[in-house]
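> Residue numbers (numbering that gives the first Met the number 0), protein chains in the order written: chain G, 0 to 770; chain Y, 0 to 770. Note that the Cβ used here is the ideal one computed from N, Cα and C, for glycine as well. All figures in this text were calculated on a predicted structure; none of them were measured in a lab. Got a structure here, written out as structure tokens. Questions coming.
2 protein chains.
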Amino acid sequence: MDRTGALATPELQPFLPMLYVAWADDALSPDDVRVLRERLEAQPWLKPALRIALEQWLDPARPPSAAELATLRRTLERSVGTMRPTRRLSLAQLASSMVDGHACEATAHALAEIESLLALDAAHALDDVITPYEHDAPRPFARGPRPDVAAMRAMLDGPHVAVRETVRAFLAEPAHRSAYGLTKEEHRAKVLGWLEELAKTVGIGALAYPGVTTDAPDLGGYLAAFETLAYGDLSLLIKNGVQWGLFGGSIFFLGDDAQRAKYLHEVASLGLLGCFAMSEVGHGSNVADLETIARYDAESDEIVVHTPSESARKDWAGNAARDAHVATVFAQLEVAGERHGVHAVLVPIRDANGEELPGVRTGDCGHKMGLNGVDNGRIWFDHVRVPRANLLSRHARITDLGTYESAITSPGKRFFTMLGTLVGGRVSVAAGAVSASKVGLAIAIRYASERRQFGPTKEPETLLLEYPTHQRRLLIPLATTYALSFAIDELREAYLRAQREGAKDTRELEAHAAGLKAIATWHATRTLQACREACGGQGYLSVNRLADLKSDTDVFTTFEGDNTVLLQLVARELLGRYAKRFTGGPVALVRALASAAVLTMREKAPFRAHRADEASLRDPEMQRAAFAWREESLLRSAAARAKKRSDAGMDAQDVLMELQEHLVALAEAHVERRVMDAIAGAVDRAPDDDTRAWLAKLRDLHALATLEARAAWFVENGELDGGQTRAIRKLVPKIARELRDAAVPLVDAFGIPDACLAAPIAFHDPAHPRW
Amino acid sequence: MDRTGALATPELQPFLPMLYVAWADDALSPDDVRVLRERLEAQPWLKPALRIALEQWLDPARPPSAAELATLRRTLERSVGTMRPTRRLSLAQLASSMVDGHACEATAHALAEIESLLALDAAHALDDVITPYEHDAPRPFARGPRPDVAAMRAMLDGPHVAVRETVRAFLAEPAHRSAYGLTKEEHRAKVLGWLEELAKTVGIGALAYPGVTTDAPDLGGYLAAFETLAYGDLSLLIKNGVQWGLFGGSIFFLGDDAQRAKYLHEVASLGLLGCFAMSEVGHGSNVADLETIARYDAESDEIVVHTPSESARKDWAGNAARDAHVATVFAQLEVAGERHGVHAVLVPIRDANGEELPGVRTGDCGHKMGLNGVDNGRIWFDHVRVPRANLLSRHARITDLGTYESAITSPGKRFFTMLGTLVGGRVSVAAGAVSASKVGLAIAIRYASERRQFGPTKEPETLLLEYPTHQRRLLIPLATTYALSFAIDELREAYLRAQREGAKDTRELEAHAAGLKAIATWHATRTLQACREACGGQGYLSVNRLADLKSDTDVFTTFEGDNTVLLQLVARELLGRYAKRFTGGPVALVRALASAAVLTMREKAPFRAHRADEASLRDPEMQRAAFAWREESLLRSAAARAKKRSDAGMDAQDVLMELQEHLVALAEAHVERRVMDAIAGAVDRAPDDDTRAWLAKLRDLHALATLEARAAWFVENGELDGGQTRAIRKLVPKIARELRDAAVPLVDAFGIPDACLAAPIAFHDPAHPRW
């Protein structure tokens, strides 16, 4: 029986959309169709012919064939073809539109009832039939106002602009694009070539030794170059850090003036390549327990360097596998039978031909997850003899009489002075992690502002960056990257100031560097992961850079100090300062007064007033107070818990062990408070109102997303209630959306040269689709 | 003036520890020393000689030289040398010990006061002087009871043990160890060789087509093989999935009996290598909008396959760059001018010599973050003609008369039936992600139970796994991996059951697979990251496998369906079911009754009673109710929010956009509830009390760590208060600690062959330290 003929019946027209929906979409089960038919049959006003036609088309036992459904669809298309409704209509509205503006009231009512009864999303099912197809130009993305890129870039660049521009020009050359897919040896050769260019053409190495190879007052230029180099191949960055920061830095910070003068010019020009042999395979983080021995032999006036066991093997040292001719070896110094703790000794390891010297054995750490352009290696020493003069002698020396002499009497203090060489490395790694995050975000955000996927039928698909989940995963890290960038500025300037002033007590600075290194590198790992996922399969291709950015930075969280270990150092420093602040005596009193600001802030505890309105949540003083309160509160409770256990006779080591998670939380809260202060400070010093307003949005997003992540803690401590955490949770996506149109200018402000950004997905060429 | 002579004075002995602490450690500033001296000078009972000695040694302007401090230390060592205190003592206690059992009360009091005044941790500073050095054997790690590995392994293996053992034997051969550091082409060649062995020797391919190449009733054996293969090189796993799962699977699921018989034997034996060309570069997730055309040309009785634009380029297809001779091409089928939606057509792409066939152009996706042993490629078709018989014709065919015919009349339903081929892939990827997590955890946990770092002075250092932060980052993922493993079992069995029974409505199953794929792959990414960091620099070396495990699995979160997209599918399916559950009519009523169990549970809402005691939190019914309540609550609120917007006339697309984050949260809650149920079920069916008790600990840790992560939401919704979230936060590390001694047996139960585990850091050979 042919039921397609009935489709032309005028009375049936208002029901065609319903019939199509009933069968074309997978929405209705046979049971549903039965319900629908029963409902229609119950309508008293249906004329018999119409009733028969509907029954034929709504027989659960006889769904239409593909051909019948195609006819139904064509009839429907003709029927609605000229309507071009500007928005989606319900079945009832559509029925009205189809019969000269209004269907009979009973029909409309019945259709509305059916639509609601079956919980149909009819509009969705009818999309491809009734929505007009128009070859619109894709909707332009940047509809709203956008920040001024130049002003923002000036804020981010800060001082040392000239050095940054020089490095940008280097990175912009096609020959310096980051490498991928090479073998380990190819990559190493390429990176060494680049490093030579940096030494000779760009002159980066010379920036590293103020007072020796440069007249600059401090390391500012070198650090700015490092931060900018992190936009390019990260093996080159780390090779640079190994040669000039760690190896050269060991001579600069631990060598006396004669040693500096003797070696550093060659180090800067790459005439002398060296490595920094601190870590041993059995002693990664625990440097105090290094096993390598440096015994002074008075008879020959030499120092004998020896690896006493397999676990004392020097490991991970960059440059050690291939390029280094000298190693700065950290070892337990023994003079006249007495141990003086860890000291640094220069030990030649390879001759001019690159052959190992007698008693020296080196090994290759082999293939790594990333950074394969850096030749990390191992070294074993078999009673290797070097002149007494090779002991780096700024802080301790062996006299002509063969006795040990040091201006720093306390072994503990001496040890931490030696380790002070690591501070610059941590400042650099933190900055490098932030730069790498910037590259990842630039790629992913530019892709998300061009790439479309899914969306309304027959309209251009929706831009990825329009999706709330995409905004959350890219724009929150963007805001935090801005905050960290400003925090790095403050850390760098504090470090340079301490250097220029020859500060004695640098414990706070060391804790600051350690803490920010941990937070910034974890941020980079998370951010680059989010960027990779946000670019889907494209993000997985090496050509689009995210793969190597991820793999290369992955080790940042554990090298130059394992993050978890570093955060415990930070917490111990905070506890130490806290203890002094609150113990008696005139000295302590002064200290206590200095911390009064914190106490006053504590009294304000802004959330106690239970303000959950948007203006309060976006008030920078309230935000900063929340971060400060969290830190102070975790500090007080950690101190109290530690004291209680100590008073009960618990061993100090056991106390630290029991409180380990608390201490890590405290250190994180400390760094987060400083990062929050840094972005709030940046807002305050913005050069103009517009830039200030955009920075304020970034601050708000960073602050509230962090509070959202810490919400459970605030609730537990009675500082936030459920209503407030809900208000924060709702405000975060709202602010992210406010930043959506500004996202591309905000990553453009990082000033990453296009040629260096490199990833094809970050560029849009209408003539040659990038896919 | 020589003040070292005074050190021998008997009266000074009790003060030696204090003097040493004052100078040796970095704890005291000159101000502190001044305070200390003032306090001592105020003591009326000090004899003049003693007073002078103390003043000499506590002159802030004259800290002792290194030599003087060394003498002080030696004197102190002699003085305490014979004491060997069994635990650390305060300055006062030490003073008492040194002078025949008791110092004078005034001395002890003064010392105690000083210690507290300056907040000194004297015991810590004195550690290396007074703690006896003993060459203890390292403290044995496994002190407590341990689970029975065999019983646990049997639970995890489930059915198909024989297949699993066959694959384990394959992986245990040294020649099959996972490869790293190879070039792309070397890796591809190696993987193809392995795949041929799997086809010919092990017979994996034949397991994939029950009823055609095997008599097995279902794909159970193939899936078990896949899960186990994921312990080895993941390029091989994915190549296997591409050839037998996706390509062969497309013929098995979409081909008619003749097509199955014609091709599948050769597919299984690798006589025919093919690829699955679904994704296009412009249409990654949005398959419905594929652009490739398959137009039926009635005149020549051929199908013409064509790539109409650059964005229609087929992309990512494994095997396409090098090895495939045929492609299953998904394209918009056009018959007699009418479009019928996406269909699959077999298109030969290379001849016997591997040369491209006319009209076919292929490209290489190039180097990738991981999985470089898989030759992912691109294909462009320029009006390529294939016989009509190449349309895979199980669900739709072109008749001899040249008309289109399909048993599935609804285009929407037909589309989802075609996509049904993806379900097996998602089940497999989810399982592979869990297996990869198991390998990572086995490596990191075995390393953490051997590797020591830091700890009490002169004792063996502390095992990494003793640290609470380490327990948190490894043992919570371990518990969740167990839970996911049982959830995978349930998904796999549901999938096999549906297959055996030829289930018609598989929407729930598809949602289940999509959701678990998303959660399991994100879990793998996070877990492997934690494992890498937990192994420090060792984790960064390719030889230790974590690098490639991370890089290879990274794409799991976005291939076979982007996780965020998949979770939205899950949520839409849940909303659809919900709508039907609560709309009127007899059919809906039955459905509503079926969900009564959920409603009843809702009434119980266990947390409302505010029970925060350990027994309640470890009660499985309470845990399950919490997960179920979260899902139900997110579902209700999502439905209400969607309805409100629809009623107000909002476009369906816009509704989904506005609720996107809510929908993702709902889908996650749904999967988390199912995973919770799965591990709770595994506890119930454990074969003996001991195994049950260990599984219960894993369940508790998984459940409470998940609730900890969701705490803010529960608080917001009034189901938990701050006291309860605090109780949960404290209980999580406690349970982790309970599992510490069991961790190694619990990873041994995964049954990963040692040779396959491969990572040197996972093994301990006392004769050859693994470092």
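1) Could you name the residues of the region 365 to 392 of chain Y whose beta carbon sits closer than 9 Å to any beta carbon of chain G, in the order they occur along the chain?
2) Would you decide whether A679 (chain Y) is buried or exposed? Buried here means 16 or more other CB atoms lie within 10 Å of its CB.
3) Excluding the 5 residues preceding and the 5 following E653 (chain G) in the sequence, name in chain order all residues of the same chain whose CB lies nearer than 7 Å to its CB.
4) Within its chain, find whatever has a CB closer than 7 Å to the CB of V32 (chain G); leave out the 5 residues flanking it on each side and keep chain order.
5) Assuming the contact rule is C-beta atoms closer than 8 Å, D314 (chain G) and R187 (chain G) should be a hit. Round their C-beta distance to whole Å, please.
6) Listed in chain order, which residues of the region 294 to 322 of chain Y have Cβ atoms closer than 9 Å to some Cβ of chain G?
7) Going by other Cβ atoms of all chains shown within 10 Å of its Cβ, with 16 needed for buried, is R450 (chain G) buried or exposed?
8) Interface residues of chain G around R2 (chain Y) at Cβ under 9 Å?
9) How many Å lie between R644 (chain G) and E657 (chain G) at the Cα?
10) Given T8 (chain G), which residues of its chain have a CB within under 8 Å of its CB, disregarding the five upstream and five downstream residues?
11) Quick one: measure Cβ to Cβ for E301 (chain Y) and R384 (chain Y), integer angstroms, because I've assumed they're closer than 8 Å.
12) Can you list the alpha helix (DSSP H) stretches of 4 or more residues lying completely in the region 498 to 535 of chain Y, in chain order?
13) Check whether the Cβ atoms of V346 (chain G) and F246 (chain G) sit closer than 9 Å, and answer yes or no.
14) Closest by CA to E489 (chain Y), which one among Y:L515, Y:G721, Y:V304?
15) Against L540 (chain G), what residues of chain Y qualify as contacts under a CB-to-CB distance less than 7 Å, listed in chain order?
16) List, in order along the chain, the chain Y residues whose C-beta lies closer than 7 Å to that of K516 (chain G)?
17) Excluding the 5 residues flanking S615 (chain Y) on each side, which residues of the same chain have their C-beta closer than 7 Å to its C-beta?
18) With a threshold of 16 other CB atoms inside 10 Å of the CB of W243 (chain Y), please say whether the residue is buried or exposed.
19) DSSP three-state label for G340 (chain G), please.
20) Taking C-beta pairs closer than 8 Å, name the residues in chain G that L68 (chain Y) reaches, listed in chain order.
21) From this set, G:L634, G:A638, G:E671, which residue's C-alpha is nearest H776 (chain G)'s C-alpha?
22) For a test of the three-state rule: what should DSSP assign to L390 (chain Y), helix, strand or coil?
23) Just the C-alpha distance for S278 (chain Y) and I518 (chain G), rounded to the nearest angstrom, thanks.
24) Is A44 (chain Y) helix, strand or coil by DSSP?
25) Against chain G, which members of the region 42 to 59 of chain Y pass a CB distance test of less than 8 Å?
26) Pick helix, strand or coil for A311 (chain Y), following the three-state DSSP scheme.
27) Contact between the region 221 to 229 of chain Y and the region 419 to 439 of chain Y is defined here as three or more beta-carbon pairs at a separation below 8 Å; is this criterion met?
28) H771 (chain G) lies in the beta strand (DSSP E); which residues open and close that run?
29) When the Cα of E184 (chain G) is compared with those of G:N318, G:V746, G:M151, which residue comes out closest?
30) Near A735 (chain Y), which residues of its chain fall below 7 Å by C-beta distance, leaving aside the five closest residues on each side in sequence?
31) Rank G:P759, G:V166, G:H661 by C-alpha distance to the C-alpha of K729 (chain Y) and give the top, closest one.
32) Just to check my reading of the structure: A323 (chain G) and C274 (chain G) have Cβ atoms closer than 8 Å, yes? What is that Cβ distance to the nearest angstrom?
33) Candidates Y:D553, Y:L633, Y:R698: which alpha carbon is nearest R623 (chain Y)'s?
34) Please classify W44 (chain Y) as buried or exposed, where buried requires at least 16 neighbouring CB atoms within 10 angstroms.
35) Measuring straight from C-alpha to C-alpha, what distance separates A761 (chain Y) and R321 (chain G)?
36) Give me the Cα-Cα distance between L772 (chain G) and R73 (chain G), rounded to the nearest whole angstrom.
Result, derived from the coordinates:
1) G365, H366, K367, M368, G369, L370, N371, N375
2) The residue you call residue 679 (chain Y) lines up with position 680 of the second sequence. With 16 or more other Cβ atoms within 10 Å, it is buried.
3) In the first sequence, counting from the first residue as 1, residue 653 (chain G) sits at position 654. Residue 653 (chain G) is actually Asp in this sequence, not Glu. Once the five neighbours on either side are set aside, D653 (chain G) has no close Cβ partner at all.
4) Translated into the one-based positions of the first sequence, residue 32 (chain G) becomes position 33. Result list for V32 (chain G): A21, L57, P59, in chain order.
5) Here residue 314 (chain G) corresponds to residue number 315 of the first sequence, with the count starting at 1. Here residue 187 (chain G) corresponds to residue number 188 of the first sequence, with the count starting at 1. Actually they do not touch by this definition, with Cβ atoms about 18 Å apart.
6) S308, E309, S310, R312, D314, W315
7) Here the question's residue 450 (chain G) lines up with position 451 in the first sequence. With 16 or more Cβ atoms within 10 Å of its Cβ, R450 (chain G) is classed as buried.
8) Counting from 1 along the second sequence, the entry for residue 2 (chain Y) is found at position 3. Those do not exist, as R2 (chain Y) stays about 13 Å from chain G at its closest Cβ, beyond 9 Å.
9) Here residue 644 (chain G) refers to the residue found at position 645 when the first sequence is read from its first residue. Here residue 657 (chain G) refers to the residue found at position 658 when the first sequence is read from its first residue. In a straight line, the C-alpha of R644 (chain G) is about 10 Å away from that of E657 (chain G).
10) As a first step, residue 8 (chain G) is located in the first sequence; it is residue number 9 there, counting from the start. Excluding sequence neighbours, T8 (chain G) sits near A48, L49, A52.
11) Working through the second sequence from its first residue, we reach residue 301 (chain Y) at position 302. Working through the second sequence from its first residue, we reach residue 384 (chain Y) at position 385. Yes, they are in contact, since the Cβ atoms of E301 (chain Y) and R384 (chain Y) sit about 4 Å apart, within 8 Å.
12) 506 to 533
13) Taking the first sequence and counting its residues from 1, one reaches residue 346 (chain G) at position 347. Taking the first sequence and counting its residues from 1, one reaches residue 246 (chain G) at position 247. No; because the gap between Cβ atoms is not below 9 Å, this pair is not in contact.
14) On the second sequence, position 490 is the one that residue 489 (chain Y) refers to. Per the Cα distances, Y:L515.
15) The count along the first sequence starts at 1 and reaches residue 540 (chain G) at position 541. The answer, in chain order, is C364, G365, K367.
16) Position 517 of the first sequence, counting from 1, holds the residue named residue 516 (chain G). Near K516 (chain G) there are no residues of chain Y at all, since even the closest Cβ is about 14 Å away, more than 7 Å.
17) Along the second sequence, one-based indexing puts residue 615 (chain Y) at 616. So the qualifying residues of the chain are M621.
18) Position 244 of the second sequence holds residue 243 (chain Y). W243 (chain Y) comes out buried.
19) One-based indexing of the first sequence puts residue 340 (chain G) at position 341. DSSP places G340 (chain G) in strand when its eight states are reduced to three.
20) Numbered from its first residue, the second sequence carries residue 68 (chain Y) at position 69. Within 8 Å Cβ-Cβ: T408, S409, P410.
21) Here chain G comprises residues numbered 0 to 770, so residue 776 (chain G) is not present and cannot be evaluated.
22) Stepping through the second sequence from its first residue, residue 390 (chain Y) is reached at position 391. Looking at L390 (chain Y) - three-state DSSP - the assignment turns out to be strand.
23) By one-based count along the second sequence, residue 278 (chain Y) stands at place 279. By one-based count along the first sequence, residue 518 (chain G) stands at place 519. Each residue's alpha carbon lies about 38 Å from the other.
24) To locate residue 44 (chain Y), count along the second sequence from 1; it is residue 45. Contrary to the premise, residue 44 (chain Y) reads as Trp rather than Ala in this sequence. W44 (chain Y): coil per DSSP, three-state reduction.
25) none
26) Here residue 311 (chain Y) refers to the residue found at position 312 of the second sequence. Looking at A311 (chain Y) - three-state DSSP - the assignment turns out to be helix.
27) yes
28) Lying outside 0 to 770, the shown extent of chain G, residue 771 (chain G) is not represented and no answer is given.
29) Position 185 of the first sequence, counted from the first residue, corresponds to residue 184 (chain G). Ranking G:N318, G:V746, G:M151 by Cα distance to E184 (chain G) puts G:N318 first.
30) In the second sequence, counting from the first residue as 1, residue 735 (chain Y) sits at position 736. These residues qualify, in order along the chain: Q470, R471, L474, I475, L700.
31) Indexing the second sequence from 1 puts residue 729 (chain Y) at position 730. Comparing Cα-Cα distances from K729 (chain Y) to each of G:P759, G:V166, G:H661, the minimum goes to G:H661.
32) The residue you call residue 323 (chain G) lines up with position 324 of the first sequence. The residue you call residue 274 (chain G) lines up with position 275 of the first sequence. Rounded, the Cβ-Cβ distance is 4 Å, consistent with contact.
33) Start at 1 with the first residue of the second sequence, and residue 623 (chain Y) comes out as number 624. If we check each option's Cα against that of R623 (chain Y), Y:R698 comes out closest.
34) By one-based count along the second sequence, residue 44 (chain Y) stands at place 45. Label assigned to W44 (chain Y): exposed.
35) Within the second sequence, numbered from 1, the residue matching residue 761 (chain Y) stands at position 762. Within the first sequence, numbered from 1, the residue matching residue 321 (chain G) stands at position 322. So the alpha carbons of these two residues sit roughly 28 Å apart.
36) Outside the displayed span of chain G (0 to 770) sits residue 772 (chain G), for which this structure offers no information.
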